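For the sequence shown, position 34 matches number 889 in the working numbering, and the numbering has no gaps at all.
C-beta atoms are modelled at their ideal positions from N, C-alpha and C, and glycine is treated no differently.
As the structure is a prediction and not an experimental result, all values here were calculated from the model.
Working notes for the structure below.
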Amino acid sequence: RLFRPVHRVVAVSARTGWELDTLVSALMTALPDHAASPLMTRLQDELRTESVRGQAREQFTGAVDRIFDTVESVCVASVART
856 RLFRPVHRVV AVSARTGWEL DTLVSALMTA LPDHAASPLM TRLQDELRTE SVRGQAREQF
916 TGAVDRIFDT VESVCVASVA RT
């Protein structure tokens, strides 16, 4: 329990490519929302599975939503002060 990893540990083979898709999927779930979409653009085509594309899309949408919420709250706060 003391040294239990926070995220999954995935064994891979860089030479043969074994389990790289599993590693990419685990990375996508571990990354913060604003970092998932940039990772997606740098992946090789064979690692861009539908699952990974969907995760990137959802996380990008979440990041954009938070930006708009922040801007909206700042605008409302400035209008309320005047």
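Rounded to the nearest angstrom, what separates residue i and residue j at their Cα positions?
{"i": "L857", "j": "T896", "result": "36 Å"}
{"i": "V926", "j": "T916", "result": "15 Å"}
{"i": "A932", "j": "V864", "result": "44 Å"}
{"i": "G909", "j": "F923", "result": "21 Å"}
{"i": "E901", "j": "V934", "result": "49 Å"}
{"i": "V919", "j": "L875", "result": "28 Å"}
Look up residue i in the DSSP assignment and say whether it is helix, strand or coil.
{"i": "T904", "result": "coil"}
{"i": "R859", "result": "coil"}
{"i": "P887", "result": "coil"}
{"i": "A869", "result": "coil"}
{"i": "Q910", "result": "helix"}
{"i": "E874", "result": "coil"}
Note down, in chain order, each residue of its chain lying with its Cβ closer than 6 Å to the Cβ of residue i, except the 5 sequence neighbours on either side.
{"i": "R885", "result": "Sequence inspection shows Ala at residue 885; the Arg mentioned does not correspond to that position. Within the same chain, A885 has close Cβ partners H862."}
{"i": "M883", "result": "A891, V907, Q910"}
Nearest to residue i by CA position, among the options, is which residue?
{"i": "D888", "options": "S868, E913, V879", "result": "E913"}
{"i": "T904", "options": "V919, R921, L878", "result": "L878"}
{"i": "A867", "options": "P860, D920, A881", "result": "Residue 867 is actually Val in this sequence, not Ala. The candidate whose alpha carbon is nearest that of V867 is A881."}
{"i": "G872", "options": "L894, S928, Q899, P893", "result": "Q899"}
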